[in-house]
Structures are given as C-alpha cells and as structure tokens.
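Q: What follows is a structure written as structure tokens; I'll ask about it next.
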C-alpha cells in the first residue's frame, strides 16, 4: 500500500515504511507512533530513534 492517507494507513498497516528523498528512512509500528510522528519523519522535522541524520 502506497498512500498519503494517514488515517487509512494507520488503520490497516502493521508496519509503515517511511521514505524520504527516495530512500527508506525507517520502518515504524503504528501502535508505537502517532500520525503526527510519521508526518514529522516524512518531512524531516523529527528523526526516529536510532536514525542519526536525515537522508
């Protein structure tokens, strides 16, 4: 599933692969992160734990 419809993604996915600038940045579990966190990871406003710098 490739989508920017975050409510739908969080409803149906057990893992979310987040890409930034054409490269995979991280894989998150919707149960552990909020939609706001996921959007912040996509935009580079916030980095997930364990990622030292943006792609």
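In this note's numbering, the protein residues as written are 1329 to 1383. By construction, the Cβ of each residue, glycine as well, lies at the ideal position given by its N, Cα and C atoms.
Going by C-alpha to C-alpha distance, which of 1352, 1331, 1338 sits closest to residue 1379?
A: Selected option, being the one with the closest Cα: 1352.
Q: Which first and last residues belong to the beta strand (DSSP E) in which residue 1347 is found?
A: Its beta strand (DSSP E) spans residues 1344-1348.
Q: Please go through the same chain and pick out, in chain order, the residues whose beta-carbon is closer than 7 Å to the beta-carbon of residue 1331, but skip the five residues on each side of it.
A: Cβ within range, chain order: 1337.
Q: Under DSSP, the beta strand (DSSP E) around residue 1355 begins and ends at which residues?
A: First-last of the beta strand (DSSP E) with residue 1355: 1351-1356.
Q: State yes or no: is the C-beta of residue 1346 within less than 9 Å of the C-beta of residue 1358?
A: Result no, Cβ atoms of residue 1346 and residue 1358 do not sit closer than 9 Å.
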